[in-house]
């Protein structure tokens, strides 16, 4: 059996300082793996035996990462909570050994130091980081339904204070170099060129006698008195429960561990035990599935074996909210020059202001230098004609949802741009084949559907029509990824995937409303289920008029089950478009705009509201139609796989991540159960609940979507 190449190498300097370099063979980022425990132990044995070593610097051999965290895949080998707890204890013991070393140990951090990587740095006596943009520090385990299991819940609060540490762990917030220095997380932040030199100087010092973190008077009262700590942790639990609604167990366990450490009552022991328990929860398993799925997707091109073409310049048609957002992610994330065209110069100004407003916030928060902001803004130029389009590689169209207008845009680009320019349309509902119908080069027309707000929503649907070339698909997928999006390739057709599964869910919520259920009850039911926003609130946010426009397109292509209730017409007749014109289902004036229901809606719809259904019943009715439509989409090859369907629903409409997406959720319920519940509601409310043939077939054959 061949011996594993060690990820660690030790070099000694003439001045008595040793450098322990971590460089995991064959990987672009360092991650901590179970098998490294022996390798690290062997290196520490050697260092402790060598009396000439007076100080130690831990550094990375990777050009752009310190340690990006622990290797999550090792958790899959855990058969029980005890197995996972043992992993945590092993990590704690290894880091305790480093902390207890007689010589000073310094972490020289360049690039991401996340999760186990930051926990490794925390057990060192000093931390020095580079001022590079790549350098970020954080404990994001909560995003995987876990907690920091190698001492992070104990060491971080002692270093930077309970409140700051709790915020970092409960949100997964990452600190850049200057903020880390200000908060006391690192001892110095220096240019990369002198990082190692400065770390060596710190290694020549004595081990520090750390003072408690500096706190203002309120901070001292909250963190350094038993009464204050009790109040602080009670408030933290209260706020956490109101956000998670009990759907995510990790945040409360994190608070438990921090509290135990603050009260000096076996914090490390509790951390290992809670870590072990969380690893085995269904919530963490689903969140880790999402992590693996998105990691896998990053390696894929749009069409297997077809490499994307290099995009050097892009253009955006339309300076509205979508156009402004698309221009922003193309220039700031993909780093491309963007030409914005609008029929009005005000439209161009608005699109540029979109980028300015987002970037100036970063400057004010010191996430970005003003010079960097100016550099990014200089990538944006605008025009009311097609000047500057001759050398554009991709044009992204974000004009009104009007077929003739979009077809005209295709013709204009074919006249004014290069022969190989890709035309990507951001339509949310019009089939791409129709937009490409009159194109001279239909193989270069594709759908690229973003979600609003573009700068925040992580998904992009890439929609080839029957004639789109493989080169166009791969190039568009690559561009979307460079814009910071997770792209899924979906088949052309009304609603594509995300809007198609959203429509029946929204329609059913409207049916529940018309049956007399109060608006806030419907929204609360789906918030408790795990959606980030209730369907009634979402209708106001997206625009009631948008919902009314999409519905007929879906009905025409997919049938009566997509017919929206007449309520939408009544709302629009009363000029209720939602948040955009401050008239919708919610009130947008007064002290709590958008928080209180506008009761006048009930008389307009001829309803006397009274609660008839439980939250579970409401959530089940609405969610089942989304699940059923997702199964129909898979059967019709609208999506390529259950994985793409799960990621699309989570990243596109906020399907509860802890449930893993529609397909993993159906697997966890059991396909038999899903079919039985659909048939139950079919008996009550008609054929819109008729189970997808695929589901009936799977139930008969005892199959699941994932092996």
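In the working numbering, the protein residues as written are 17 to 723.
Beta carbons: idealized from backbone N, C-alpha and C, even for Gly.
Computed from a predicted model, the values in this text were never measured in an experiment.
(message) I need the boundaries of the beta strand (DSSP E) containing residue 466, first residue and last residue.
(response) Counting from one through the chain shown, the residue named residue 466 turns up at place 450. Note, residue 466: beta strand (DSSP E), 461-466.
(request) Identify whether residue 205 lies in helix, strand or coil by the three-state DSSP scheme. (result) The residue labelled residue 205 in the question sits at position 189 within the chain shown. Residue 205 falls in the strand class under three-state DSSP.
(request) Over the uninterrupted beta strand (DSSP E) stretch that includes residue 695, give me the two end residues. (result) The count along the chain shown starts at 1 and reaches residue 695 at position 679. Note, residue 695: premise wrong, no beta strand (DSSP E); alpha helix (DSSP H) at 687-701.
(request) Run the CB neighbour count on residue 17, radius 10 Å, all protein chains shown included, and call it buried at 16 or more, exposed below. (result) Residue numbering aside, residue 17 sits at position 1 when the chain shown is read from its first letter. Note that residue 17 scores a pLDDT of 32, beneath 50, so its modelled location is shaky and nothing firm can be said.
(request) Tell me whether residue 359 sits in a helix, a strand or coil according to DSSP, three-state version. (result) To locate residue 359, count along the chain shown from 1; it is residue 343. Three-state DSSP puts residue 359 in coil, outside helix and strand.
(message) What would DSSP say about residue 253, mapped onto helix, strand or coil?
(response) As a position in the chain shown, residue 253 is number 237, starting the count at 1. Residue 253: helix per DSSP, three-state reduction.
(message) Quick check on DSSP: helix, strand or coil for residue 273?
(response) Taking the first residue of the chain shown as 1, we reach residue 273 at position 257. In this structure, residue 273 counts as helix in the three-state DSSP scheme.
(message) Can you confirm whether the stretch 363-372 touches the stretch 486-501 when touching is taken to mean that 3 or more C-beta pairs between the two stretches lie within less than 8 Å?
(response) no
(request) Have a look at the DSSP bridge pairing and note the partners of residue 71. (result) Taking the chain shown and counting its residues from 1, one reaches residue 71 at position 55. BP columns for residue 71 point to 33.
(request) Can you tell me which of 113, 428, 540 and 166 puts its alpha carbon nearest to the alpha carbon of residue 134? (result) In the chain shown, counting from the first residue as 1, residue 134 sits at position 118. Cα-wise, what sits closest to residue 134 is 166.
(message) If I follow the unbroken alpha helix (DSSP H) through residue 261, where does it start and stop?
(response) Translated into positions along the chain shown, residue 261 becomes position 245. From DSSP, residue 261 is part of no alpha helix (DSSP H); its letter is neither H nor E.
(request) Provide the residue(s) that pair with residue 24 in DSSP beta bridges, ordered along the chain. (result) Start at 1 with the first residue of the chain shown, and residue 24 comes out as number 8. Answer by DSSP bridge pairing, in chain order: 38.
(message) Do residue 177 and residue 231 count as a contact pair if the criterion is CB distance below 8 Å?
(response) In the chain shown, the residue the question calls residue 231 occupies position 215. In the chain shown, the residue the question calls residue 177 occupies position 161. For residue 231 and residue 177, yes; Cβs fall inside 8 Å.
(request) Take residue 84 as the anchor and find which of 562, 507 and 156 has the nearest alpha-carbon. (result) Within the chain shown, residue 84 is the residue found at index 68, counting from 1. The option with the nearest alpha carbon to residue 84 is 156.
(request) Measure how close the beta-carbons of residue 160 and residue 300 come, nearest whole angstrom, since I'm counting them as under 8 Å. (result) For the purposes of this step, residue 160 is taken as residue 144 along the chain shown, with counting starting at 1. For the purposes of this step, residue 300 is taken as residue 284 along the chain shown, with counting starting at 1. Residue 160 to residue 300, Cβ: 6 Å. Contact.
(request) With residue 709 as the anchor, note down where its beta strand (DSSP E) starts and where it stops. (result) Reading the chain shown from its first residue, position 693 is the one you call residue 709. Careful: residue 709 lies outside any beta strand (DSSP E), inside the alpha helix (DSSP H) at 709-716.
(message) For residue 502, which residues in the same chain have their Cβ closer than 7 Å to its Cβ, ignoring the five residues on either side in sequence?
(response) What you label residue 502 is simply residue 486 of the chain shown in a count that begins at 1. These residues qualify, in order along the chain: 310, 313, 474, 475, 663 and 667.
(request) Determine, using beta carbons only, whether residue 723 and residue 647 come nearer to each other than 8 Å. (result) Against the chain shown, residue 723 aligns to sequence position 707. Against the chain shown, residue 647 aligns to sequence position 631. For residue 723 and residue 647, no; Cβs fall outside 8 Å.
(message) Please report the distance separating the alpha-carbon of residue 25 from that of residue 283.
(response) Taking the first residue of the chain shown as 1, we reach residue 25 at position 9. Taking the first residue of the chain shown as 1, we reach residue 283 at position 267. In a straight line, the C-alpha of residue 25 is about 33 Å away from that of residue 283.
(request) With distances taken Cα to Cα, identify the nearest neighbour of residue 288 among 274, 298 and 279. (result) The residue you call residue 288 lines up with position 272 of the chain shown. Closest option to residue 288, Cα to Cα, is 274.
(message) Quick check on residue 453: does DSSP put it in helix, strand or coil?
(response) For the purposes of this step, residue 453 is taken as residue 437 along the chain shown, with counting starting at 1. DSSP places residue 453 in coil when its eight states are reduced to three.
(message) For the ligand GTP, is there any heavy atom lying closer than 7 Å to the beta carbon of residue 434?
(response) In the structure shown, the ligand GTP is absent, as is every other ligand, since no ligand is present at all.
(message) Can you look up residue 147 in the DSSP assignment and give me helix, strand or coil?
(response) By 1-based counting over the chain shown, the position of residue 147 is 131. Here residue 147 sits in coil by DSSP.
(message) Can you list, in chain order, the residues of its chain with a C-beta nearer than 8 Å to that of residue 378? Leave out the 5 residues immediately preceding and following it.
(response) To locate residue 378, count along the chain shown from 1; it is residue 362. Hits under 8 Å: 384 and 389.
(message) Does the structure place the stretch 348-362 close enough to the stretch 510-525 that three or more beta carbon pairs sit under 8 Å?
(response) no
(request) Compare the Cα-Cα distances from residue 678 to each of 478, 413 and 642 and report the closest residue. (result) As a working note, residue 678 is residue 662 in the chain shown. When each option's Cα is compared against that of residue 678, the closest is 642.
(request) From the DSSP output, in three-state form, read off residue 8 for me. (result) The chain is shown from 17 up to 723; residue 8 falls before or after that span and cannot be answered.
(message) Let me check understanding here. Comparing Cα to Cα, which of 34, 360, 351 and 514 lies closest to residue 645?
(response) Along the chain shown, read from residue 1 onward, the residue named residue 645 stands at position 629. Closest option to residue 645, Cα to Cα, is 514.
(message) Just to confirm the assignment, what range does the alpha helix (DSSP H) spanning residue 311 have?
(response) Indexing the chain shown from 1 puts residue 311 at position 295. Residues 298-314.
(message) Can you look up residue 331 in the DSSP assignment and give me helix, strand or coil?
(response) For the purposes of this step, residue 331 is taken as residue 315 along the chain shown, with counting starting at 1. Strand.
(message) The beta strand (DSSP E) that contains residue 477, what's its start and end?
(response) Start at 1 with the first residue of the chain shown, and residue 477 comes out as number 461. 475-480 is the span of the beta strand (DSSP E), which, as asked, contains residue 477.
(request) Please state whether DSSP places residue 528 in a helix, a strand or coil. (result) Residue 528 sits at position 512 when you count from the first residue of the chain shown. If DSSP states are grouped into helix, strand and coil, residue 528 belongs with the helices.
(request) With DSSP as the reference, label residue 81 as helix, strand or coil. (result) For this step, residue 81 is matched to residue 65 along the chain shown. In the structure shown, residue 81 sits in coil (DSSP, three-state: anything other than H, G, I, E or B).
(message) Checking 8 Å against the spacing of the C-beta atoms, do residue 168 and residue 138 come in under that value?
(response) For the purposes of this step, residue 168 is identified with residue 152 of the chain shown, where counting begins at 1. For the purposes of this step, residue 138 is identified with residue 122 of the chain shown, where counting begins at 1. Closer than 8 Å, so yes.
(request) Pick out whichever of 302, 147 and 492 has its Cα sitting closest to the Cα of residue 326. (result) For this step, residue 326 is matched to residue 310 along the chain shown. The shortest Cα separation from residue 326 among 302, 147 and 492 belongs to 492.
(request) Name, in chain order, the residues that DSSP records as bridge partners for residue 129. (result) Here residue 129 refers to the residue found at position 113 of the chain shown. DSSP, once it has assigned bridges, lists 83 and 153 as partnering residue 129.
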